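Counting from 2, one number per residue, gives the positions in the sequence shown under this note's numbering.
Written below as structure tokens is the structure these notes are about.
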Amino acid sequence: MNYLVISSIGAVFMGFFVLIVRMKAAKKPTNVKKIILPPVFMASGALMYIVPEFRLTPKEILEAVIVGMLFSILLIKTSKFEIRDNNIYLKRSKAFIFILVGLLVVRLVLKTILSSTIDIGQLSGMFFLLAFSMIVPWRVAMYRSFSKLKKELHGIKMI
């Protein structure tokens, strides 16, 4: 039970960290590196699967990936870019904060419920995969949207 509480507290802190980073990001122009690097850095967390306690069954992998991809839809819908001062900025969205907090609450509730039937190691592996499966499609969509605006911006400059 201690691991469940500690990991839940960690998740809450990470959620607030993401909110703060997101708010600061909207004040500065964005670029491809800022979009692509977070999932690349997060990918190193997959090393957890070297340890047998974190390994997942094919069914658990499928469940985590599907839920993560479904959750990513909410993030994709609230991540928009705009052109300001000949730069591309991430638009602030009031809904993003509520969605992120909502996803965090859902995650904590699911973790509490599932911890009685799934080993804490496997559960950690599932939630890492869920988060990764949520972030990758979101960042791919952000990249595509950014690239489209960048082409538009360069087209405006050429005229």
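Idealized CB from N, CA, C, for every residue including glycine.
Given the structure is predicted, the values throughout are model-derived calculations rather than measurements.
Excluding the five sequence neighbours on either side, which residues of its own chain have a C-beta within less than 7 Å of the C-beta of residue i, listed in chain order?
i      : result
Tyr50  : Arg56 and Gly126
Leu131 : Ala65, Val68 and Gly69
Ile1   : This structure leaves residue 1 out entirely; the chain is present only between 2 and 160.
Kindly list the residues whose CB is nearer than 6 Å to the CB of residue i, restricted to its own chain and excluding five residues on each side of it in sequence; keep chain order.
i     : result
Ile21 : none
Ser80 : Met143
Measuring alpha carbon to alpha carbon, tell me which residue in the options is nearest residue i.
i      : options                         : result
Gly36  : Leu150, Ile10, Met143 and Ala12 : The question names Gly, but residue 36 in the sequence shown is Ile. Of Leu150, Ile10, Met143 and Ala12, the residue nearest in Cα terms is Met143.
Asn32  : Phe82, Phe18, Thr113 and Ala12  : Phe82
Arg140 : Pro40, Gly16, Phe17 and Ser8    : Pro40
Ala96  : Ile10, Phe18, Arg23 and Ser8    : Arg23
Which residues bound the alpha helix (DSSP H) around residue i?
i     : result
Ser45 : First-last for Ser45: undefined, no H or E at that position.
Lys60 : Pro59 to Lys78
If you draw a straight line from the alpha carbon of residue i to that of residue j, how long is it in whole angstroms?
i      : j      : result
Gly16  : Lys151 : 29 Å
Pro30  : Phe147 : 11 Å
Leu105 : Gly46  : 19 Å
Tyr90  : Ala27  : 6 Å
Lys25  : Thr58  : 39 Å
Sorted by chain position, which residues of the same chain lie with C-beta nearer than 8 Å to residue i's C-beta, five sequence neighbours on each side aside?
i      : result
Phe133 : Pro40, Met43, Ala44, Gly46, Ala47 and Gly69
Gly11  : none
message: For a minimum of 3 consecutive residues, which ranges assigned as the beta strand (DSSP E) are wholly contained in the region 82-132?
response: Taken in chain order, the unbroken stretches of beta strand (DSSP E) that lie wholly in the region 82-132 and span 3 residues or more are 82-85 and 88-91.
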